[in-house]
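Quick note on my numbering: the sequence shown kicks off at 2 and runs consecutively. For every residue, glycine included, the Cβ atom is placed at its ideal position computed from N, Cα and C.
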Amino acid sequence: MRERQALEAAISSVHAIETGLSDNLELIELGEAEGDAEVVAEAVAALEALKVTAARMRVETLLSGEADSNDCYLEVHSGAGGTESQDWAQMLFRMYTRWAERRGFKVETIEYSAGEEAGIKGATVLIKGHNAYGWLKTESGVHRLVRISPYDSQARRHTSFSSVWVYPVIDDTIDIDVNESDVRIDTYRASGAGGQHVNTTDSAVRITHIATGIVVQCQNERSQHKNKAQAWDMLRARLYELELQKREEVANAEAASKTDIGWGHQIRSYVLQPYQLVKDLRTQVESTAPSDVLDGALDPFMEASLAQRVGMDTEAES
2 MRERQALEAA
12 ISSVHAIETG
22 LSDNLELIEL
32 GEAEGDAEVV
42 AEAVAALEAL
52 KVTAARMRVE
62 TLLSGEADSN
72 DCYLEVHSGA
82 GGTESQDWAQ
92 MLFRMYTRWA
102 ERRGFKVETI
112 EYSAGEEAGI
122 KGATVLIKGH
132 NAYGWLKTES
142 GVHRLVRISP
152 YDSQARRHTS
162 FSSVWVYPVI
172 DDTIDIDVNE
182 SDVRIDTYRA
192 SGAGGQHVNT
202 TDSAVRITHI
212 ATGIVVQCQN
222 ERSQHKNKAQ
232 AWDMLRARLY
242 ELELQKREEV
252 ANAEAASKTD
262 IGWGHQIRSY
272 VLQPYQLVKD
282 LRTQVESTAP
292 SDVLDGALDP
302 FMEASLAQRV
312 GMDTEAES
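Written out as structure tokens, the structure reads:
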């Protein structure tokens, strides 16, 4: 049913573009014949909007990986730098949440660790929507922020780093077996604002896969059993993403770039002072409106990264 809904949506989108193209071309001919410049201008503007829609649909045809259509987990972790870095991690957390909401995706918080003074040390969200992993998979990496620090009394410029990690949710068509003897399971008290349950029981669960060093944790449910089940799902998803990386040379290169949350490993820079610029260091795509980007306007960066990634995969296959 999910595949059928996706196909029906794609077909209806193509039909909508065909109809819009035909109708607006007729309007232009009619407007020119009658000398109505306003009608012509409106039709031309509508065609420009159709062009943007068609370009986005073309990019979606690149999402042909075996897990691209799946939901995904997205983790944000602050780098070295204390409060400044933790505040940047929270800004990234909000940026991806806003992007998902703009697309009509559902966002569920799985784990959230607040900073001591401001921001977050780390957070994990589950993003549900068609092609969620396909769109977000190129966002894994280190993100760099340059700005006048609101936490510096001398108003000096600071550079902060935070990392983003994206991996797909495993559905019933993919079988990942993990032996309990290969993992270490720890329980701890959930962190939060307090209440009748938070900080009163060891309901949060952390699972460490010994062989790979992968660590996942979940604390959003009141029940330890539910948190444990969610953590197991996250671990299987991480192991599956690791297997995908082994099969994709480009993904391997990206994983290597995420070894350190610091200089020389970032995939994108966000400069707020002394000038305003967001630049992707892989595709060279730029935006001079960082406030829009931080509010979720990420599509141009994602589209360029996806096109580049598909092109490199095609060359490797050849």
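CB of Leu127 within 8 Å of CB of Asp72, strictly: Yes, Cβ-Cβ distance for Leu127 and Asp72 is below 8 Å.
With three or more C-beta pairs closer than 8 Å as the rule, is the region 202-211 touching the region 219-233? yes
Take the Cβ of Glu304 as the centre, count every other Cβ of all protein chains shown within 10 Å, and call the residue buried at 16 or more, exposed below. buried
Beta-carbon within less than 8 Å of Gln274's beta-carbon, same chain only, minus the 5 sequence neighbours each way: which residues are those? The residues are Val147, Arg148, Ile149 and Arg158.
Assigned exposure category for Gln285 - 16 Cβ within 10 Å defines buried: exposed
Length of the line joining the Cα atoms of Ala124 and Glu49: Each residue's alpha carbon lies about 39 Å from the other.
Report yes if the CB atom of Ala90 is closer than 8 Å to the CB atom of Ile121, and no otherwise. yes
Compare the C-alpha of Ala47 against each of Ala17, Asp183, Ala34 and Glu67 and name the closest. Ala17
Identify, in the order they occur along the chain, each residue of the same chain with its Cβ nearer than 6 Å to the Cβ of Lys138, setting aside the five sequence neighbours on each side. Val167
Over what stretch of residues does the beta strand (DSSP E) that includes Phe162 continue unbroken? Element bounds for Phe162: Arg158 to Pro169.
Does the beta-carbon distance from His131 to Val165 come in below 8 Å? no
Leu51, enclosing alpha helix (DSSP H) - first and last residue: Ala38 to Glu61
Between the Cα of Arg310 and the Cα atoms of Ala10, Ala101, Tyr152 and Val60, which residue gives the shortest distance? Looking at the Cα atoms, Val60 is the closest of the given residues.
For Tyr74, name the three-state secondary structure that DSSP assigns. strand
Would you kindly work out how many angstroms separate the C-alpha atoms of Asp37 and Glu85, rounded to a whole number? Asp37 and Glu85 have their C-alpha atoms spaced approximately 56 Å apart.
So Ser79 packs on Ser163, CB below 8 Å; how close in whole Å? 5 Å
Below 8 Å CB to CB, which residues in the same chain sit around Arg57 once its five sequence neighbours on both sides are set aside? Same-chain partners within the cutoff: Asp300 and Glu304.
Please report the Cβ distance between Tyr74 and Ala232, rounded to the nearest whole angstrom; I am assuming they are in contact, meaning their Cβ atoms lie under 8 Å. Contact flag wrong, Cβ pair sits at about 11 Å.
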